[in-house]
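Peer 1: Using full-length UniProt numbering, read the sequence shown as starting at 1 and increasing by one per residue. Note that the Cβ used here is the ideal one computed from N, Cα and C, for glycine as well.
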Amino acid sequence: MKAIQDLNADMSLSQVMKKYGINGTATVYAWRKKFEKLGKSALSDQRSNKTKYDYSFKMNVIR
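(1) Taking the alpha helix (DSSP H) that threonine 25 belongs to, which residues open and close that run?
(2) Once DSSP output is grouped into helix, strand and coil, what is the label at alanine 9?
(3) Examine chain B for any beta-carbon lying closer than 7 Å to the beta-carbon of lysine 34, and answer yes or no.
(4) Whole angstroms is fine: what's the gap from leucine 13's alpha carbon to glutamate 36's?
(5) Should alanine 26 and lysine 34 be called a contact, given that it needs their Cβ atoms to be closer than 7 Å?
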């Protein structure tokens, strides 16, 4: 969210990428597009929604 705010506040793309350690322009553009279409909620951390399985369960599945 802060990266998009900085970009919208006339900070250059390269400055935003350097400040936040972002490795590709496509990432920033994708975030900006999501933000413009769907607002703040579109930029929430999506990783926490993934299902997590412990090691023993994974091993049982592949046996």
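Peer 2: Put simply:
(1) 25-38
(2) Coil at alanine 9, not helix or strand.
(3) No chain B is part of this structure, which consists of one protein chain only.
(4) 17 Å
(5) no
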